[in-house]
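Engineer: Taking our numbering, the leading residue of the sequence shown gets 46, the next gets one more, and so forth.
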Amino acid sequence: MIVSEEQLFLNQHLSTKEEVLAFIADKAAEIGITMNSAQVERDLWAREKEYATAVQQLIAIPHAKTEAILEAKLLFIRLVEPIDWESKEGFKAQAIFAILVPASEASQQHLKILSSVAVNLLEETFQEQILTIKTEHELMDYLKDNLEGELI
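(1) Just to confirm, are residue 124 and residue 109 a CB contact at a threshold of 8 Å?
(2) Can you list, in chain order, the residues of its chain with a C-beta nearer than 6 Å to that of residue 70? Leave out the 5 residues immediately preceding and following it.
(3) In angstroms with no decimal places, state the Cα-to-Cα distance between residue 67 and residue 143.
(4) How long is the line joining the alpha carbons of residue 185 and residue 54, rounded to whole angstroms?
(5) Identify the residues that DSSP records as bridge partners of residue 123: which are they?
(6) Cα-Cα, which of 63, 191, 74 and 56 is closest to residue 160?
(7) Identify the continuous alpha helix (DSSP H) that holds residue 182 and give its terminal residues.
(8) Start and end of the beta strand (DSSP E) containing residue 101?
(9) What are the partner residues of residue 110, as DSSP defines its beta bridges?
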């Protein structure tokens with residue numbers, strides 16, 4: 046299972062991109078998919094330096110393909126307030142899908158997860174729901190109904 050309720054974090058009070066990427070790395074350690082959160086954070090930053098991962102207004106998809114990740118996972122973080130994601134387009138981020146994939150599985154697994162999330166983000170209803178659903182349990186049910194079966 047790529048995403049579970051313990052990987053959904055709603056109503057987070059994080060105010061910078063730096064705090065969000067550190068939060069992602071720390072949560073990866075807490076859920077047991079890395080023993081090196083510092084490396085995960087460095088790899089997230091390396092990707093951000095190539096090109097900011099804000100894909101549209103209010104949505105970001107930071108991702109890392111790294112030896113520091115033991116098992117592919119998708120984390121979701123929703124912030125209380127949108128933050129500047131430092132993108133060329135000036136996008137802010139409030140709903141963040143973090144994709145963490147072991148380097149050994151990177152090509153297929155990473156693209157499968159990214160594709161499933163990106164396709165759903167084309168739907169305005171999906172965008173509205175991920176920004177407004179009240180609880181992690183309700184969000185998990187919604188994701189089960191909308192993301193590709195093998196991701197859930």
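Each residue gets a CB set at the ideal place from its N, CA and C atoms; glycine is no exception.
Structural biologist: Considering the structure as presented:
(1) Counting from one through the sequence shown, the residue named residue 124 turns up at place 79. Counting from one through the sequence shown, the residue named residue 109 turns up at place 64. No, the Cβ-Cβ distance between residue 124 and residue 109 is not below 8 Å.
(2) The residue you call residue 70 lines up with position 25 of the sequence shown. Hits under 6 Å: 82, 85 and 86.
(3) Counted from its first residue, the sequence shown places residue 67 at position 22. Counted from its first residue, the sequence shown places residue 143 at position 98. Looking at the two C-alpha atoms, the distance is approximately 12 Å.
(4) Working through the sequence shown from its first residue, we reach residue 185 at position 140. Working through the sequence shown from its first residue, we reach residue 54 at position 9. Each residue's Cα considered, the two are about 11 Å apart.
(5) In the sequence shown, the residue the question calls residue 123 occupies position 78. DSSP, once it has assigned bridges, lists 140 as partnering residue 123.
(6) Numbered from 1 along the sequence shown, position 115 holds the residue referred to as residue 160. Ranking the options by Cα distance to residue 160, first place goes to 191.
(7) Along the sequence shown, one-based indexing puts residue 182 at 137. 181–191 is the extent of the alpha helix (DSSP H) around residue 182.
(8) Taking the first residue of the sequence shown as 1, we reach residue 101 at position 56. For residue 101, the uninterrupted beta strand (DSSP E) run begins and ends at 99–101, by DSSP.
(9) As a position in the sequence shown, residue 110 is number 65, starting the count at 1. Its beta-bridge partners are 146.
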